[in-house]
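So for the sequence shown, my numbering puts the first residue at 150; every next one is plus one.
For reference, the structure discussed in these notes is given below.
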Amino acid sequence: MYATDSCAARLDELQYTLGEGPCFDAYRDASAQFHPHVDSVTRTSRWPTFAGEVVQLGVHSLFAFPVPGPRGSVRPSGVLELYRRRTGSLTDAQQVTAAACVAAIAQRLQSNWNAHAAHFGSSGEALDAAATAGAAADDPAEPFTRNQVHVAAGIVAVQLDIDADEAVDRLRAHSFAAGCRLSSVAADVIAHRLTLHD
150 MYATDSCAAR LDELQYTLGE GPCFDAYRDA SAQFHPHVDS VTRTSRWPTF AGEVVQLGVH
210 SLFAFPVPGP RGSVRPSGVL ELYRRRTGSL TDAQQVTAAA CVAAIAQRLQ SNWNAHAAHF
270 GSSGEALDAA ATAGAAADDP AEPFTRNQVH VAAGIVAVQL DIDADEAVDR LRAHSFAAGC
330 RLSSVAADVI AHRLTLHD
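Listed below in C-alpha cells is the structure:
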C-alpha cells in the first residue's frame with residue numbers, strides 16, 4: 150500500500166477498518182469503480198458508513214481501478230484509487246491517464262516479481278523472501294500498516310480465545326466505536342496499553 154498524502158492514507162485505512170468502499174468493490178469485482186458524487190452514495194446505502202466518513206473528510210469523488218494480476222490470475226494485484234475534493238466525473242483524457250497508470254503499475258509489479266523469482270529460484274522461495282522483506286520494512290512510525298493490525302489481532306485472538314478473523318473484526322469495531330484509527334488501536338494493543346474484553 151502506498152498513499153500519496155494523508156487523505157489518501159485515511160481513505161485506505163477507513164476502507165480497511167470498515168470493510169467497505171470502492172477499493173473493495175474494484176478488487177472483488179475486478180472492475181473500475183466510478184463515483185463522481187460520493188454524497189449520493191450515502192443515500193443509496195452502497196457503503197453508508199464509509200461514504201459518510203469520506204464526505205466529512207472533504208472528499209466528494211472517488212475512482213478505483215483494479216491493477217491486473219499476473220497472467221492467469223483471477224484476482225487483481227491491487228487497486229489504484231483516486232479522489233477529488235469536488236464532485237464530477239473524470240474526463241476521457243483523465244480516464245486514459247488512469248488506465249496508463251494502471252498498466253504501468255501492473256507492468257512494474259510483474260517485472261519486480263519476475264526479478265524476485267529469478268533471484269530466489271522458485272515462486273515459493275520468492276514469495277517467502279518478499280513477505281520477509283515486507284515485514285522487515287514495516288516501520289512502527291508508519292501511520293498505517295496492515296502488519297501491525299494482524300499482529301494485534303493475534304494478541305487479541307489469544308487474549309479472548311477467538312479466531313483471527315473475529316479478532317480483526319473486534320479491532321475494527323473498537324476503532325470505529327472509539328472514533329480512533331485502526332492503526333492506533335493496533336499500536337495500543339501491541340504496546341499493551343489496550344486490552345479488548347468480551
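Just so it is clear, CB atoms sit at the ideal spot from N, CA and C, and this is done for glycine as well.
How about residue i and residue j: do their beta carbons lie closer than 9 Å?
i, j, result
"S210", "P185", "yes"
"A313", "A322", "no"
"A255", "G207", "no"
"A335", "L320", "yes"
"A213", "L239", "no"
"R220", "A179", "no"
"L345", "E162", "no"
Could you please give me the residues that DSSP links to residue i through a beta bridge?
i, result
"F183", "F212"
Roughly how many whole angstroms lie between the Cα atoms of residue i and residue j?
i, j, result
"G201", "V245", "29 Å"
"A266", "I311", "36 Å"
"V338", "Q205", "27 Å"
"H341", "F173", "31 Å"
"A175", "T153", "19 Å"
"H268", "A158", "32 Å"
"T236", "Q243", "15 Å"
"F199", "G170", "6 Å"
Taking the alpha helix (DSSP H) that residue i belongs to, which residues open and close that run?
i, result
"E169", "Run containing E169: none; DSSP gives neither H nor E here."
"D318", "313–327"
"A306", "295–309"
"A152", "Run containing A152: none; DSSP gives neither H nor E here."
"L331", "331–339"
Practice task
Output the residue ranges of the beta strand (DSSP E) runs that lie fully inside the segment 191–246 and measure 3 residues or longer, sorted by chain position.
Solution key: Within the segment 191–246, the complete beta strand (DSSP E) segments at least 3 residues long are 210–216, 227–233, listed from N- to C-terminus.
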